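Student: Handing you a structure now.
Numbering (full-length UniProt numbering), first residue to last: 1 to 150.
What follows is the structure, encoded as structure tokens:
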């Protein structure tokens with residue numbers, strides 16, 4: 001982060017990136033989009049304070065079905081997901097976007113389950129995720145990130 005700051009980089013949110021891709025805005029020469037997947041509690045614990053310290057912004061792609069109603073006690077050796085209050089806490093730094101609701105799994109052949117679903121099922125999942133994330137991103141859920149090694 002120090003290097004990015006010292007080199008004069010500007011961090012982008014997904015709305016800025018979309019604007020650039022659609023030829024609606026220009027970006028500074030040194031632009032970078034920082035993203036974190038899944039909505040892990042470690043993002044709140046480690047990434048958020050560092051990004052905040054540097055005045056940077058990032059995007060958190062959240063698996064909305066894994067949002068907890070209440071914060072869990074920190075357990076660094078386990079896979080934990082952020083709670084509603086933790087997601088609200090990071091909003092000064094993070095743009096919250098969708099990383100599916102129920103489709104973030106693999107099938108018996110270890111292939112992304114998303115690849116075997118119909119367009120209708122994928123759209124239904126995204127809409128469910130979008131509704132769940134509205135409280136953190138009232139403008140609109142813009143992105144559906146599903147990056148898999150195929």
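Backbone N, C-alpha and C fix where the C-beta goes; we use that ideal spot for every residue, glycine too.
Since the structure is predicted, the reported quantities are computational estimates derived from the model, not experimental observations.
With distances taken Cα to Cα, identify the nearest neighbour of residue 77 among 132, 133, 117 and 41.
Tutor: Here residue 77 refers to the residue found at position 77 of the chain shown. For the residues 132, 133, 117 and 41, the minimum Cα distance to residue 77 belongs to 41.
Student: Would you decide whether residue 59 is buried or exposed? Buried here means 16 or more other CB atoms lie within 10 Å of its CB.
Tutor: Locating residue 59 in the chain shown gives position 59, where the first residue counts as 1. Of the other Cβ atoms in all chains shown, 16 or more fall within 10 Å of the Cβ of residue 59; this residue is therefore buried.
Student: I need the straight-line Cα distance from residue 148 to residue 5, nearest angstrom please.
Tutor: In the chain shown, residue 148 corresponds to position 148, counting from 1. In the chain shown, residue 5 corresponds to position 5, counting from 1. Its pLDDT being 40, under 50, residue 148 is placed unreliably in this model, and the coordinates cannot settle the point.
Student: Use the C-beta contact count for residue 99: other C-beta atoms within 10 angstroms, 16 or more gives buried, fewer gives exposed.
Tutor: The residue you call residue 99 lines up with position 99 of the chain shown. Classification for residue 99: buried.
Student: With a 10 Å radius around its C-beta and 16 neighbouring C-beta atoms as the bar for buried, classify residue 118 as buried or exposed.
Tutor: Along the chain shown, read from residue 1 onward, the residue named residue 118 stands at position 118. It counts as exposed.
Student: Given this structure, state the Cα-to-Cα distance separating residue 63 from residue 49, to the nearest angstrom.
Tutor: Within the chain shown, numbered from 1, the residue matching residue 63 stands at position 63. Within the chain shown, numbered from 1, the residue matching residue 49 stands at position 49. So the alpha carbons of these two residues sit roughly 22 angstroms apart.
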